[in-house]
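In the UniProt record's numbering, the protein residues as written are 1 to 499.
Okay, structure first, notes after.
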Amino acid sequence: MDAQETIRNVQPLVGEVTPIKTVQETQPVEEYGDAYVAGVNVKSAAKVVKVLDAAFPRDATRPMNHLRRFAKQGNLPEPLHPILLNDNPSPQTIFVLISPPLPDVNRLQELLAPYVPTPETSESQSSDPAGQVKLHTVKVPTLPPLGQAQAEKWSKELWPVVYNPAAARATVSPPVQVLNRTREFIQPDAGRYLAFARKVAEEAEQSGRGRGVGAVVVDPDIISRILDAGDDMDTKWADAIVAVAGDARYSRSEAGCPSTAELHTGEGPNPATKAYDADLEGGPDLHALMRASEIIAYKRRAGDPDAENDKPSLSPLESYFLSQTDLTAPEPEPDTRDTTPGVPEKYQKTGYNNSQAVPISTSAGGEKAEPRIRPRSQGGYLCTDLDVYLTHEPCLCCSMGILLSRFRSVVFPQRGRMVTGGLASEPVVAPVPVTDEANELEGDSGPGHDQKEKMQDRLYYGLHWRKELNWRALGFEFVEDGESGDMTPATKGAVAFYA
1 MDAQETIRNV QPLVGEVTPI KTVQETQPVE EYGDAYVAGV NVKSAAKVVK VLDAAFPRDA
61 TRPMNHLRRF AKQGNLPEPL HPILLNDNPS PQTIFVLISP PLPDVNRLQE LLAPYVPTPE
121 TSESQSSDPA GQVKLHTVKV PTLPPLGQAQ AEKWSKELWP VVYNPAAARA TVSPPVQVLN
181 RTREFIQPDA GRYLAFARKV AEEAEQSGRG RGVGAVVVDP DIISRILDAG DDMDTKWADA
241 IVAVAGDARY SRSEAGCPST AELHTGEGPN PATKAYDADL EGGPDLHALM RASEIIAYKR
301 RAGDPDAEND KPSLSPLESY FLSQTDLTAP EPEPDTRDTT PGVPEKYQKT GYNNSQAVPI
361 STSAGGEKAE PRIRPRSQGG YLCTDLDVYL THEPCLCCSM GILLSRFRSV VFPQRGRMVT
421 GGLASEPVVA PVPVTDEANE LEGDSGPGHD QKEKMQDRLY YGLHWRKELN WRALGFEFVE
481 DGESGDMTPA TKGAVAFYA
């Protein structure tokens, strides 16, 4: 079956795209810090704010907007009463919070001295020098509350707190507008691309080169141009695919010996897929996601004289999409720049480091044929702004590869969750058993080891959106109709492996 027939035979999956929760949502962390509290005259509250903001500008990287700046005596948490109300403050007293990072004490007292309220009693007046500012140290939450209940708890125990759903989400997950806009964009065609990823996975498995894992990379800009032109995505959806890749973990030769794929001379899946043997699994660079990134990187290097030496070994489907052109590309504007005398325009230096004359391919009609993957000479960079659709949740290495390759989003079926995966922040419903008894007896450290541990004791990584990382991607699961979050993954009963 050729590539075009395979495309025509794709039956889209039916279901919904749902965001993958981040670890900040599923494993919330509470952080606390010390703050100063001082009593000032309620009539001077506005002036106090101006003085403090001018002297100690707030750190934009550590917003504390969830903490109320002032608290009246009646709104103070009960645990603070013995500390702040012990001296019977004047009714004109309101308490101001100086949130972390804490400023210099002497400087702070100097600034607040003009706004100290008049003592209520002669006793307190005699005990405190005129204009003396008392600073009390209290504990406050440095991260906004994730819910109304948490905000109320903190307000009763620590300091009055405001719950803002938008602010809370901004610290733990992608911006709501960006997340919703992206989900709405990929929802109509996600079922097609995931179904086609299964075709790619089937090709990889039947070839004996790898396990049944597939990746499909889509350029959302091409989809937008197809829609803007009024074309039907039902017939044009494959035009937005820039690369596909199947798993090829059995294709590598080691120390001059034949690869596992070469030793498998028959048709159908490689016998190595029936068990997990780390010595036969190859490296993460042979996983579907990494190979997709490699294929795109190869195409980006168009014009590099060394690129052909690094050309990956491709399957028929992979070769087909690598050779496709972008029929939606806008016509290039006329080049008005001066060209080197005596050198034909089509041989201008547009190659690697602008030092290699590269002929520009043209179509039969004389028009430039634009590749779907823009080379570096045209601004193409890694996998920036591309979406990848996977048959399985990728392993830890591939999950980091998604970030390092700068993908915009990643989508995989809910049934494709893996106990070895790196994206989900919640456990799969059932552990994936290992059927290779020999590995179990030898105490193999592969993904099947200790599968019987309680699922609630496992940690999950949610690498697509971690606040500790300097790059993030939008993560989505595809829930097929008839499935729900408590259904057993399709991988139950299969061999556990790293996808």
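Virtual Cβ for every residue (Gly too), placed ideally from N, Cα, C.
What you are looking at is a predicted structure, and each value in this text was computed from that prediction instead of being measured.
Exposed unless 16 or more other CB atoms sit within 10 angstroms - verdict on residue i
| i | result |
| --- | --- |
| Gly266 | exposed |
| residue 507 | One cannot answer for residue 507 here, as it falls past the ends of the chain, which runs 1 to 499. |
| Tyr32 | exposed |
| Thr137 | exposed |
| Lys311 | exposed |
| Ser224 | exposed |
| Val218 | buried |
| Pro144 | buried |
| Gln414 | buried |
| His81 | exposed |
| Gly15 | buried |
| Glu308 | exposed |
| Glu468 | exposed |
| Gly74 | exposed |
| Thr235 | exposed |
Beta-carbon proximity check, residue i vs residue j, cutoff 8 Å
| i | j | result |
| --- | --- | --- |
| Ala292 | Ala245 | yes |
| Leu474 | Leu67 | no |
| Asp247 | Ala297 | no |
| Ala201 | Leu322 | no |
| Met290 | Gly212 | no |
| Val320 | Ala3 | The question names Val, but residue 320 in the sequence shown is Tyr. Cβ atoms of Tyr320 and Ala3: closer than 8 Å. |
| Thr18 | Phe476 | yes |
| Arg62 | Val49 | no |
| Val172 | Phe95 | no |
| Val161 | Ala151 | yes |
| Val51 | Leu111 | yes |
| Arg301 | Arg376 | yes |
| Ala278 | Asn270 | no |
| Val411 | His464 | no |
| Leu423 | Trp471 | no |
| Leu317 | Thr6 | yes |
| residue 519 | Ala35 | Shown here, the chain extends from 1 to 499; a query on residue 519 therefore has no answer. |
| Gln92 | Pro114 | no |
| Leu108 | Leu135 | yes |
Own chain partners of residue i with C-beta closer than 7 Å, once the 5 adjacent residues on each side are dropped
| i | result |
| --- | --- |
| Asp104 | none |
| Glu370 | Thr325, Asp326, Ala329 |
| Arg169 | Val176 |
| Asp457 | Summary for Asp457: the model assigns pLDDT 42, below 50, so the residue's position carries little reliability; its value from the coordinates is reported in the next sentence. Taken in chain order, the list of residues that qualify is empty. |
| Trp154 | Pro141, Pro145, Val161 |
Own chain, CB closer than 6 Å to residue i, minus 5 neighbours either side, in chain order
| i | result |
| --- | --- |
| Asp385 | Arg408 |
| Asn354 | Residue placement at Asn354 is poorly supported in this model, since its pLDDT is 40, which falls under 50; the coordinates are not used for a value here. |
| Ala60 | none |
| Glu281 | Arg249 |
| Ser253 | Ser259 |
| Trp237 | Asp189, Arg192 |
| Ala71 | Phe95, Pro160 |
Identity of the residues DSSP links to residue i by a beta bridge
| i | result |
| --- | --- |
| Cys398 | In the DSSP output, where bridge partners are listed per residue, Cys398 has none listed. |
| Asp2 | Asp2 pairs with nothing; no bridge assigned. |
| Pro141 | Tyr32 |
| Thr93 | Asn41 |
| Phe478 | Val17, Pro413 |
| Ala71 | Phe95 |
| Val161 | Leu67 |
| Pro371 | Thr325 |
| Gly421 | Cys395 |
Three-way DSSP call (helix, strand, coil) for residue i in this model
| i | result |
| --- | --- |
| Thr328 | coil |
| Ala261 | helix |
| Tyr298 | helix |
| Ser409 | strand |
| Ser355 | Because Ser355 carries a pLDDT of 34, less than 50, the predicted location of this residue cannot be relied on, and no value is offered for it. |
| Gly147 | coil |
| Ala245 | strand |
| Val105 | helix |
| His136 | strand |
| Asp387 | strand |
| Val216 | strand |
| residue 500 | Because the chain in this structure spans residues 1 to 499, residue 500 falls outside the shown range and cannot be described. |
| Pro312 | coil |
| Pro305 | coil |
| Pro114 | helix |
| Met455 | Here Met455 scores only 44 on pLDDT, less than 50, and its place in the model is too uncertain to base an answer on. |
| Ala438 | Note on Ala438: pLDDT 35, under 50, position unreliable in the model; the coordinate value appears next. Three-state DSSP puts Ala438 in a helix. |
| Lys467 | coil |
| Thr26 | helix |
Beta-carbon contacts of residue i that lie in its chain and below 8 Å, excluding the five residues immediately before and after
| i | result |
| --- | --- |
| Ser425 | Ile20, Lys21, Thr22, Val23, Glu25, Thr26, Gln27, Tyr460, Tyr461, Gly462 |
| Gln187 | Glu16, Val17 |
| Ile222 | Asp239, Ala240, Val242, Asp326, Thr328, Arg372 |
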